[in-house]
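When we follow the working numbering, the leftmost residue of the sequence shown carries the number 663, and every step to the right adds one.
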Amino acid sequence: MAVTLNVVGMTCSHCVHAVTKALKAVAGVEKVSVSLDAGRAQVEGTAKPPALIRAVEEEGYKAQMVDSK
Ligand SMILES: [Cu+2]
Numbered sequence: 663m664a665v666t667l668n669v670v671g672m673t674c675s676h677c678v679h680a681v682t683k684a685l686k687a688v689a690g691v692e693k694v695s696v697s698l699d700a701g702r703a704q705v706e707g708t709a710k711p712p713a714l715i716r717a718v719e720e721e722g723y724k725a726q727m728v729d730s731k
């Protein structure tokens with residue numbers, strides 16, 4: 663499964679790192695790709711979208727799911 667999240671609030675590479683790390687820590691996540699310019703995070707693996715959104719929000723950013731397949 664691949665989930666694309668819209669992530670609001672990232673302003674620099676540290677934010678990208680924080681979001682990437684938080685998503686990678688979610689059980690079932692295999693691959694994470696975060697784009698600062700696009701404000702998007704792409705996550706591959708078996709983790710459920712709500713768990714991914716929660717992980718991003720715990721870092722202080724806002725996230726919405728834009729695509730899941
Ligand atoms: Cu930052």
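Just so you know, even glycine gets a beta-carbon here, dropped at the ideal spot from N, CA and C.
Next item on the list: Could you tell me whether any non-hydrogen atom of ligand 1 is closer than 7 Å to the CB of residue 663?
Entry: no
Note to self: Looking only at its chain, what residues have a beta carbon closer than 7 Å to the beta carbon of residue 668, apart from the 5 residues adjacent to it on each side?
What the structure shows: Only 701, 702, 725, 726, 728 meet the Cβ criterion.
Notebook entry, point to check: What's the gap between the Cα of residue 707 and the Cα of residue 686?
Noted result: So the two alpha carbons sit approximately 10 Å from each other.
Item checked: Within 8 Å, strictly: CB atoms of residue 730 and residue 711 -> In contact: residue 730 and residue 711 (Cβ atoms closer than 8 Å).
Note to self: Can you tell me whether residue 681 is buried or exposed? The criterion is at least 16 other CB atoms within 10 Å of its CB, across all chains shown.
What the structure shows: buried
Next item on the list: Would you mind stating whether residue 665 and residue 672 have Cβ atoms separated by less than 8 Å?
Entry: no
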